Ligand SMILES: Nc1ncnc2c1ncn2[C@@H]1O[C@H](COP(=O)(O)OP(=O)(O)O)[C@@H](O)[C@H]1O
Ligand SMILES: [Mg+2]
């Protein structure tokens, strides 16, 4: 039923057109500048270490983790983490937005969810379910509430039966909206947040890279972009670099300041 796509050698299955596929190599390119909090880095490393010691775990009859859920505000690295995992595990990334498969046609959501899990059972991959909270979101009409309850049950069943060499990763902005029964089926949980000073500094230096800059500019950027998400920081630094290229100049404070004003990030009070 599945056929090999010779471009990137990821088997594709009929009926899961809602998924996007990425090779480990593509994932590496995407996730090359990822910055983790110390705690998340520890969790990821432990997760990967365990997967590399499967035999030992089998000998001790201790189950191996394979379901990770991440929650936190947008632009803090959840999707990027899925790419990072795929790269490190040398598995393809299969990315699906749950809100999209639900919105397209609620009545088919259950069977689409089953197809995804069936695909992951047959083809080792990192199956990434983004916008995961969409699954439990309450519906307007009674019929839709009932249908959604059926979808949740299907998902619970799929989660319970999930084994083999694939890894399931789910991401949500809203921890509290996730059905408790679903929540507790994940063996690994990671919390994402806005970068602290040290992480912001590290990310900015990765983004500026070898680009010519005014003296001590990174200190200024770090201060100016306090409260911004990683995604905002990336967009602002990129914008400032573009301005520098147009003006054939080095990066300097005014360009950062102009880029910030044009981009207008939504900065949360910390
Ligand atoms: N922790 C991070 N480290 C490095 N870059 C990040 C990080 N978080 C976000 N970014 C940048 O912002 C973009 C969007 O991040 P993403 O992982 O999609 O956020 P989320 O899934 O949490 O909304 C990424 O492609 C990357 O360029
Ligand atoms: Mg995301």
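In our numbering, the protein residues as written are -9 to 260. Virtual Cβ for every residue (Gly too), placed ideally from N, Cα, C. This structure is a prediction, so every number in the text was calculated from the model and none was measured.
Here's a check: name, in chain order, each residue in its chain whose Cβ is nearer than 8 Å to the Cβ of residue 139, leaving out the five neighbours to either side. Here residue 139 corresponds to residue number 149 of the chain shown, with the count starting at 1. Setting aside the 5 residues that flank it on each side, residue 139 has no residue in the same chain whose C-beta is closer than 8 Å to its C-beta.
Return the CA-CA distance between residue 191 and residue 84, expressed in angstroms with no decimal places. In the chain shown, residue 191 corresponds to position 201, counting from 1. In the chain shown, residue 84 corresponds to position 94, counting from 1. Rounded to the nearest whole angstrom, the CA to CA distance from residue 191 to residue 84 is 31 Å.
Can you name the residues that DSSP bridges to residue 6? Counting from 1 along the chain shown, the entry for residue 6 is found at position 16. For residue 6, DSSP assigns no beta-bridge partner whatsoever.
Any chance the CB of residue 13 is under 7 Å from a heavy atom of ligand 2? Along the chain shown, read from residue 1 onward, the residue named residue 13 stands at position 23. Residue 13 Cβ: outside cutoff for every heavy atom of ligand 2.
With a threshold of 8 Å, are at least 3 pairs of Cβ atoms found where one atom belongs to the stretch 197 to 210 and the other to the stretch 92 to 101? In short, these stretches do not touch, since the Cβ pair count stays below three.
Relative to the C-alpha of residue 87, which candidate in 76, 53, 123, 78 has its C-alpha closest? Mapped onto the chain shown, residue 87 falls at position 97. With distances taken between Cα atoms, residue 87 lies closest to 123.
Would you report the Cα separation of residue 103 and residue 150, rounded to the nearest angstrom? Counting from 1 along the chain shown, the entry for residue 103 is found at position 113. Counting from 1 along the chain shown, the entry for residue 150 is found at position 160. Residue 103 and residue 150 have their C-alpha atoms some 13 Å from each other.
Are the Cβ atoms of residue 215 and residue 57 separated by less than 8 Å? Working through the chain shown from its first residue, we reach residue 215 at position 225. Working through the chain shown from its first residue, we reach residue 57 at position 67. The criterion of a C-beta distance shorter than 8 Å is not satisfied by residue 215 and residue 57.
In this structure, how does DSSP classify residue 184 when only helix, strand and coil are distinguished? As a working mapping, residue 184 is identified with position 194 in the chain shown. Residue 184: coil per DSSP, three-state reduction.
Between which two residues does the beta strand (DSSP E) holding residue 118 run? For this step, residue 118 is matched to residue 128 along the chain shown. Per DSSP, residue 118 belongs to the beta strand (DSSP E) from 116 to 120.
Please list, in chain order, all residues of the same chain as residue 110 whose beta carbon is under 8 Å from its beta carbon, the five residues on each side excluded. Start at 1 with the first residue of the chain shown, and residue 110 comes out as number 120. Within the same chain, residue 110 has close Cβ partners 84, 117, 152, 154, 156, 158.
Closer than 7 Å by C-beta to residue 8: which residues in its own chain qualify, once you throw out the five before and the five after it? Chain order, please. Along the chain shown, read from residue 1 onward, the residue named residue 8 stands at position 18. Closer than 7 Å at the Cβ level, and outside the excluded window around residue 8, lie 86, 90, 91, 102.
In chain order, what residues of the same chain have a beta carbon less than 6 Å from the beta carbon of residue 70, not counting five sequence neighbours either side? One-based indexing of the chain shown puts residue 70 at position 80. The residues are 21, 24.
C-alpha distance - residue 42 paired with residue 48, whole-angstrom precision: In the chain shown, residue 42 corresponds to position 52, counting from 1. In the chain shown, residue 48 corresponds to position 58, counting from 1. Looking at the two C-alpha atoms, the distance is approximately 12 Å.
Measuring from the CB of residue 161, is there a heavy atom of ligand 3 at a distance below 7 Å? This structure does not include ligand 3; its bound ligands are ligand 1 and ligand 2.
Can you list, in chain order, the residues of its chain with a C-beta nearer than 6 Å to that of residue 244? Leave out the 5 residues immediately preceding and following it. Residue 244 sits at position 254 when you count from the first residue of the chain shown. Around residue 244: no qualifying Cβ.
Tell me whether the beta-carbon of residue 178 lies closer than 8 Å to the beta-carbon of residue 61. For the purposes of this step, residue 178 is taken as residue 188 along the chain shown, with counting starting at 1. For the purposes of this step, residue 61 is taken as residue 71 along the chain shown, with counting starting at 1. No, the pair does not count as a contact, with Cβ atoms beyond the cut-off.
Which one or two residues does DSSP pair with residue 160 in a beta bridge? In the chain shown, residue 160 corresponds to position 170, counting from 1. 59, 119, per the DSSP bridge assignment.
For residue 191, which three-state DSSP category applies? One-based indexing of the chain shown puts residue 191 at position 201. In the three-state scheme derived from DSSP, where H, G and I count as helix and E and B as strand, residue 191 is classed as helix.
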